[in-house]
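Asks: Protein chains in written order, with the working numbering: chain R, 1 to 530; chain X, 1 to 335. Sharing a structure below in structure tokens format, with a few things to ask.
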């Protein structure tokens with residue numbers, strides 16, 4: 001078997017290098033160069049697209065185009081009654097990729113699963129610090145160091161995760177990129193050779209494509225992995241053509257230099273839609289753009305002032321001007337496509353007169369404040385400066401004088417966290433795993449100083465959040481989160497601005513591409529007609 | 001001549017230290033934080049932040065950080081990129097050939113077009129050709145590179161379909177780089193059409209990058225020629241009945257060349273600066289794009305070491321120009 005796979009890999013490499021004339025090729029114009037091909041140390045969407053979603057697989061996978069999970073490398077699992085033990089039965093016969101730099105001698109087993117997590121978790125693991133300054137930020141950010149008690153190998157194909165506390169989002173968390181399963185055998189081989197760095201430069205996984213070559217900052221090449229447990233892909237070669245400028249990506253797509261592109265600029269979408277060779281898929285983004293008041297600073301500590309300011313803003317005008325229609329006004333802190341979205345909640349109406357009156361009733365006169373504008377464009381807010389200007393004009397109409405401030409991106413977020421921050425702060429969020437808690441945690445008391453820019457700690461909301469995390473029944477959790485959204489709307493720590501649409505322009509010869517609500521770009525199942 | 005060379009080399013040493021200090025300070029003066037940039041939008045806990053600060057050594061006094069950095073550089077260790085975890089020198093070596101190839105072609109275009117344009121503009125001073133050339137040069141000099149590049153892409157690649165939009169070679173050509181210079185590697189590869197593809201990918205970025213140096217060289221050549229053409233010895237040469245071509249080519253141009261060569265040398269710095277934007281627009285995987293990405297990520301190690309390496313190269317080129325200058329004008333050596 002080993003010889004057969006080695007031969008297959010050699011044949012594959014030869015065909016790719018030789019530029020086999022009739023190979024089916026898909027060229028994806030990606031937005032940035034990957035930092036590396038180990039899926040766990042980095043946190044950028046472009047890093048994940050180039051590594052975890054192409055080369056690797058996980059125990060569980062998000063269903064294509066959905067946020068629900070399905071079996072991946074684990075064909076089944078059981079959860080103990082107390083929610084503290086998750087036992088996974090691994091799929092037998094899963095092959096790691098065979099390349100010119102690694103030939104596996106065994107199939108995937110529990111050792112690989114344990115290694116994949118322990119290298120991010122245990123400081124004594126030699127692979128914990130194989131890259132200088134690696135913080136395993138996603139693993140840490142998702143709370144895994146506190147959540148995991150132990151990972152036990154029951155047998156070669158059975159692995160048990162023991163948790164310190166129940167975590168209802170544990171399964172979706174395992175579908176995230178940082179939880180990709182890597183090869184322990186490959187790691188051991190590199191250890192022996194003293195070339196650990198190669199782990200992120202020449203990756204080995206069990207995913208649909210295998211790594212072929214990376215020309216720094218220019219092109220990443222993959223080939224379909226014949227031994228993929230989900231079946232061989234219809235395309236032979238997958239190429240990422242790194243093109244940082246969105247206008248240039250659009251030109252490349254129009255010129256036929258790529259088949260599909262990420263993140264078009266809003267201004268280019270109409271032109272791409274008008275091109276008869278192209279189609280532009282669109283989807284509601286799993287995101288929210290918001291303006292967070294500092295609820296600890298007067299007069300924003302008063303609910304009625306926050307409500308009045310919410311009523312002063314014409315969200316529809318913002319959607320039309322900034323999102324160019326590609327979005328919808330946001331009512332709740334979670335997007336409408338997410339389960340537990342409370343559609344009975346009515347948004348604060350746009351009513352400048354009522355806003356003026358409410359402010360006067362609250363004893364607020366000649367209010368001066370700051371509006372913070374992000375210095376970067378994000379899918380949930382393509383132009384925060386313009387949004388700030390429009391809100392500034394709306395505020396002026398109700399007698400509130402606003403000054404717009406902005407800082408360098410990392411400094412912006414750090415200053416925004418300060419408890420005495422002056423004014424209302426624009427930011428947003430794109431979901432990681434399709435769980436409502438992944439949005440609502442932004443407003444938790446524990447998140448103050450980190451992701452809670454409203455510096456809002458409401459006991460009623462917090463209790464619901466904790467209850468939701470400890471409840472396994474989805475119907476019951478839905479009710480809990482619906483109630484949490486009622487509390488949120490009543491207390492108004494944010495002006496919920498918009499949920500944007502996400503666009504994916506592609507050549508008409510591309511078929512089978514499914515847009516992912518989590519913003520992932522997956523190419524398994526994609527085909528091209530010649 | 002040797003003394004002249006040693007004198008120039010001696011001047012480089014303090015300059016290198018000055019630049020290393022400036023690069024070290026510049027990146028730290030930028031607002032932002034490499035650890036927060038690395039952590040991304042999810043952020044990092046204060047405890048983890050402190051750990052990483054310690055790990056990278058950024059909590060130590062700046063003087064210590066600088067001395068450690070310089071100590072490593074003197075042993076040839078330019079550090080590991082914070083963002084990609086790859087050695088800076090390795091990344092530079094992988095990317096520099098692309099920039100050098102682009103800059104060389106751009107400089108050739110600028111010199112081959114700029115010098116004749118400047119000479120003819122000087123000879124035909126005040127004519128429509130002179131005014132048009134200088135008008136175009138002024139426009140070229142003032143052209144925002146980003147806009148100019150995009151305009152050329154839309155017209156030549158999008159509308160006419162004559163040139164590729166971006167990249168270094170068609171994606172159907174895949175071979176391991178031998179020299180890093182795509183024109184040479186495509187020839188070595190022996191693949192039919194590869195060289196043509198590499199050359200066509202160079203056209204637009206080279207034009208964009210050449211625009212400003214071309215304008216500067218043309219203006220400088222014109223001005224130097226005008227000055228020389230008014231000299232007594234040129235008048236004497238004409239009075240002696242020498243052919244105009246000989247007067248201009250031999251007597252005037254040779255003397256006018258001195259400031260022009262200096263200007264061409266100085267354009268190396270302009271080309272490096274221009275490469276930053278040109279490479280970004282054309283997805284050209286060179287050191288300009290690399291530096292922009294590193295600044296965006298506040299990758300201290302790449303920015304400070306990258307700037308230092310680029311400065312060393314610019315200084316080496318300027319040294320060569322100084323030597324050439326001395327060869328052209330023996331008076332310089334005497335001084």
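Think of the CB as a built atom: it goes at the ideal place given N, C-alpha and C, for glycine as much as any other residue.
Flag this pair as touching only if the region 23-30 of chain R and the region 511-530 of chain R have three or more C-beta atom pairs under 8 Å; answer yes or no.
Replies: yes
Asks: Taking 8 Å as the threshold, find out whether the region 380-394 of chain R comes into contact with the region 316-323 of chain R through three or more Cβ pairs.
Replies: yes
Asks: Check each candidate in R:61, R:468 and R:503 and name the one with the smallest Cα separation from residue 230 (chain R).
Replies: Taking residue 230 (chain R) as reference, the option from R:61, R:468 and R:503 with the minimal CA-CA separation is R:61.
Asks: Residue 288 (chain X) by DSSP, collapsed to three states: which one?
Replies: helix
Asks: In chain R, which residues lie with their C-beta within 8 Å of the C-beta of residue 200 (chain X)?
Replies: Result: empty, since nearest Cβ-Cβ is about 12 Å, beyond 8 Å.
Asks: Buried or exposed: which applies to residue 159 (chain X), given that a residue is buried once 16 or more other Cβ atoms fall within 10 Å of its Cβ?
Replies: Using a 10 angstroms sphere on the CB of residue 159 (chain X), the tally of other CB atoms stays under 16, which defines it as exposed.
Asks: Please name the residue in R:371, R:498 and R:456 whose C-alpha comes closest to that of residue 442 (chain R).
Replies: R:456
Asks: Against chain R, with Cβ distances strictly below 8 Å, would residue 127 (chain X) count as a contact?
Replies: no
Asks: Where does the unbroken alpha helix (DSSP H) through residue 311 (chain R) begin, and where does it stop?
Replies: 303-312
Asks: Residues in its own chain within less than 6 Å of residue 234 (chain R) by CB, not counting five upstream and five downstream?
Replies: 527
Asks: DSSP state of residue 289 (chain R), grouped into three classes?
Replies: Strand, per DSSP.
Asks: In chain R, what lies closer than 9 Å to residue 227 (chain X) by C-beta?
Replies: Neighbours of residue 227 (chain X) on chain R: none; closest Cβ ~43 Å, over 9 Å.
Asks: Of the residues that make up the region 215-236 of chain R, which ones have a beta carbon closer than 7 Å to any beta carbon in chain X?
Replies: 215, 216, 217, 218, 219 and 221
Asks: For chain R, is any of its Cβ atoms less than 8 Å away from the one on residue 19 (chain X)?
Replies: Output row for residue 19 (chain X): interface = no.
Asks: Does residue 402 (chain R) come out as helix, strand or coil in the three-state DSSP assignment?
Replies: strand
Asks: Under 7 Å Cβ to Cβ from residue 131 (chain R), same chain only, skipping five residues before and after it: list those, please.
Replies: Correct list, in chain order: 41 and 200.
Asks: Please report the distance separating the alpha-carbon of residue 288 (chain R) from that of residue 378 (chain R).
Replies: Taking the straight line joining both Cα atoms gives about 11 Å.
Asks: Can you look up residue 147 (chain X) in the DSSP assignment and give me helix, strand or coil?
Replies: helix
Asks: Is the beta carbon of residue 264 (chain R) closer than 8 Å to that of residue 503 (chain R)?
Replies: yes
Asks: Three-state secondary structure (DSSP) at residue 451 (chain R)?
Replies: The answer is coil: DSSP assigns residue 451 (chain R) none of H, G, I, E or B.
Asks: Can you tell me where the beta strand (DSSP E) with residue 233 (chain R) in it begins and where it stops?
Replies: Here residue 233 (chain R) belongs to no beta strand (DSSP E), and DSSP marks it neither H nor E.
Asks: Residues of the region 74-107 of chain X in Cβ contact with chain R at a cutoff of 7 Å, in chain order, please.
Replies: 80, 82, 83, 84, 85, 91, 94 and 95
Asks: How about residue 143 (chain R) and residue 48 (chain X): do their beta carbons lie closer than 8 Å?
Replies: no
Asks: Using only the alpha-carbon positions, how far apart do residue 400 (chain R) and residue 217 (chain R) sit?
Replies: 47 Å
Asks: Pull up the distance between the alpha-carbon of residue 18 (chain R) and that of residue 117 (chain R), whole angstroms please.
Replies: Confidence is the limiting factor: at residue 18 (chain R) the pLDDT is only 45, short of 50, which leaves the residue's position unreliable and the question unanswerable from this model.
Asks: Measuring only the C-alpha atoms, how far is residue 258 (chain R) from residue 202 (chain X)?
Replies: 19 Å
Asks: Name the residues in the region 139-166 of chain X whose C-beta lies less than 8 Å from a C-beta of chain R; which are they?
Replies: 150, 153, 154, 157, 158, 161, 164, 165 and 166
Asks: Measuring only between beta-carbons, confirm whether residue 71 (chain X) sits less than 8 Å from chain R.
Replies: Taking Cβ atoms only, chain R never reaches closer than 8 Å to residue 71 (chain X), which makes this a no.
Asks: Could you tell me if residue 240 (chain X) is buried or exposed, where buried requires 16 or more neighbouring beta carbons within 10 angstroms of its beta carbon?
Replies: exposed
Asks: Apply the 10 Å Cβ neighbour rule to residue 369 (chain R) and answer buried if 16 or more other Cβ atoms are within range, or exposed otherwise.
Replies: In summary, residue 369 (chain R) is buried, with 16 or more beta-carbon neighbours lying within 10 Å of its beta-carbon over all protein chains present.
Asks: Kindly indicate if chain X contains any beta-carbon less than 8 Å away from that of residue 267 (chain R).
Replies: Not an interface residue.
Asks: Do we get a CB-CB distance below 8 Å when we pair residue 435 (chain R) with the residues of chain X?
Replies: no
Asks: Run down chain X in chain order and give the residues with a C-beta less than 7 Å from the C-beta of residue 407 (chain R).
Replies: 31
Asks: Considering only residues of the same chain and omitting the five flanking positions on each side of residue 265 (chain X), which have a CB-CB separation below 7 Å?
Replies: For residue 265 (chain X), where only same-chain residues beyond five positions count, the Cβ hits under 7 Å are 317, 318 and 321.
Asks: Starting from residue 52 (chain R), follow the alpha helix (DSSP H) in both directions and report where the run begins and ends.
Replies: Premise fails: residue 52 (chain R) is in no alpha helix (DSSP H) and is neither H nor E.
Asks: Taking residue 78 (chain R) as part of the beta strand (DSSP E), name the residues at either end of that continuous run.
Replies: 74-79
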